[in-house]
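**Q** Each number in this note's numbering corresponds to the 1-based position in the sequence shown with 411 added. Ideal Cβ positions, reconstructed from N, Cα and C, are used throughout, including at glycine. For clarity, every value in this text was computed on a predicted model and none was experimentally measured.
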Amino acid sequence: MVSSNFSGNRTLGILSNAEREGYGVLAQVCYDAGMAFALVRAAERCRSPAILMLFPVTLAYGKGPFLRFCLDLAHQASVPIAVHLDHATDPEHIELALSLAEQGIAFDSIMVDASHADTDEENINLARPYVERARKLGIPVEVELGRLEGGEAGLRVISDTKLTNPEKAEVFMKGTGAAILAPSIGNLHGTYLNPPNFRQHILVALQKEFQGRIPLCLHGTDGLPDEVFARCIRNGVSKNVILMVQWKINVNSWARDPYAKTLEESLSTKSFPEAQEAATEAFASVCERFFDLFGSAGKADV
412 MVSSNFSGNR TLGILSNAER EGYGVLAQVC YDAGMAFALV RAAERCRSPA ILMLFPVTLA
472 YGKGPFLRFC LDLAHQASVP IAVHLDHATD PEHIELALSL AEQGIAFDSI MVDASHADTD
532 EENINLARPY VERARKLGIP VEVELGRLEG GEAGLRVISD TKLTNPEKAE VFMKGTGAAI
592 LAPSIGNLHG TYLNPPNFRQ HILVALQKEF QGRIPLCLHG TDGLPDEVFA RCIRNGVSKN
652 VILMVQWKIN VNSWARDPYA KTLEESLSTK SFPEAQEAAT EAFASVCERF FDLFGSAGKA
712 DV
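1) Based on the DSSP output, what are the partners of residue 440 in its beta bridges?
2) Pull the bridge partners of residue 495 from the DSSP assignment, please.
3) When you compare each of 440, 557 and 517 to residue 666 by their alpha carbons, which one comes out closest?
4) Is the Cβ-Cβ distance between residue 537 and residue 528 less than 8 angstroms?
5) Which value, in whole angstroms, describes the spacing of the CA atoms of residue 509 and residue 693?
6) For residue 549, which option in 711, 421, 698 and 688 has the closest C-alpha, if you only look at C-alpha atoms?
7) What do you reckon, are the CB atoms on residue 531 and residue 556 nearer than 8 angstroms?
8) For the region 679 to 691 and the region 466 to 478, state whether three or more C-beta atom pairs, one from each stretch, are separated by less than 8 angstroms.
9) For the beta strand (DSSP E) holding residue 593, just list the boundary residues, first then last.
10) Mind checking whether residue 522 and residue 553 have CB atoms under 8 angstroms apart?
11) Note down the Cα distance separating residue 642 from residue 512, rounded to an integer number of angstroms.
12) Distance, Cα to Cα, residue 711 vs residue 695?
13) For residue 460 versus residue 491, is the C-beta distance shorter than 8 angstroms?
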């Protein structure tokens with residue numbers, strides 16, 4: 412299902428290696444240059460692959476110059492790092508990403524999020540034209556089957572959850588033509604007010620269906636216990652058969668909040684460069700913890 416247009420694509424290459432070696436990949440949201448530097452610094456220290464993610468609000472703010480900066484930073488790193496646009500829902504954000512790609516400033520992958528649609532068919536019809544345009548530019552697209560409740564950082568707020576139906580996943584992926592699937596399994600955007608109730612049977616079914624073909628992306632990870640991350644990564648264990656999938660795990664506030672808090676507190680006693688360095692290290696240390704937790708530390712050189 413993955414087009415030959417994507418030969419050599421960074422995102423798909425990183426996820427393919429993760430499947431082969433059996434680990435998860437940290438996809439970390441970055442809002443400014445300091446966070447981007449921190450992610451790359453942490454990935455190089457841990458010798459881990461990673462994905463640098465931007466939200467549409469950040470792309471709209473920094474436009475081509477900031478995307479170019481992120482691409483140069485990621486692609487010149489000594490470990491594999493891709494740059495991904497997350498949750499592009501509004502047409503103006505998708506158009507901005509595709510128009511920049513036509514100018515030679517292209518994300519390694521983007522998410523076209525039409526999960527607000529009333530039906531799967533409407534979701535397909537909204538996403539497919541953008542997927543086809545992106546494919547011509549060599550950009551694989553992530554789509555969401557079902558709907559995650561919540562919202563964050565300028566994303567559209569969704570008030571009702573719609574779980575992914577694994578029996579419809581194959582038709583959905585063929586219909587959209589997309590390369591990466593984000594399922595709804597009880598995860599949500601923002602803070603979990605109650606313990607998360609992930610429907611692991613949905614992951615098991617999707618893993619069996621898409622092993623070796625379609626990478627899966629876990630959204631809604633803020634505040635999750637470590638054991639939930641670990642279970643999602645290893646959830647291919649069924650009937651004593653290990654089914655590895657390509658796991659992309661999106662992370663936002665885990666690293667963002669310590670970065671902002673450290674910068675604010677440090678500015679009261681330190682110079683701005685010193686405070687910025689402290690904030691960068693706070694962000695990097697969170698990334699390093701996730702590289703270890705997801706099993707990707709040391710895998711960049713494998």
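**A** Taking the structure as given:
1) Residue mapping note: residue 440 aligns to position 29 of the sequence shown, counting from 1. 464, per the DSSP bridge assignment.
2) Translated into positions along the sequence shown, residue 495 becomes position 84. Bridge partners of residue 495: 464 and 520.
3) The residue given as residue 666 occupies position 255 in the sequence shown. Comparing Cα positions, the closest option is 440.
4) Counted from its first residue, the sequence shown places residue 537 at position 126. Counted from its first residue, the sequence shown places residue 528 at position 117. The answer is yes: Cβ separation under 8 angstroms.
5) For the purposes of this step, residue 509 is taken as residue 98 along the sequence shown, with counting starting at 1. For the purposes of this step, residue 693 is taken as residue 282 along the sequence shown, with counting starting at 1. Distance between the alpha carbons of residue 509 and residue 693 is about 33 angstroms.
6) For this step, residue 549 is matched to residue 138 along the sequence shown. When only C-alpha atoms are compared, the closest one is 421.
7) The residue labelled residue 531 in the question sits at position 120 within the sequence shown. The residue labelled residue 556 in the question sits at position 145 within the sequence shown. Contact flag set, yes.
8) no
9) Here the question's residue 593 lines up with position 182 in the sequence shown. Its beta strand (DSSP E) spans residues 591 to 594.
10) One-based indexing of the sequence shown puts residue 522 at position 111. One-based indexing of the sequence shown puts residue 553 at position 142. Yes, these two residues count as a Cβ contact at 8 angstroms.
11) On the sequence shown, position 231 is the one that residue 642 refers to. On the sequence shown, position 101 is the one that residue 512 refers to. Their backbone Cα atoms lie some 36 angstroms apart in a straight line.
12) Here the question's residue 711 lines up with position 300 in the sequence shown. Here the question's residue 695 lines up with position 284 in the sequence shown. Distance between the alpha carbons of residue 711 and residue 695: 17 angstroms.
13) The residue given as residue 460 occupies position 49 in the sequence shown. The residue given as residue 491 occupies position 80 in the sequence shown. Yes.
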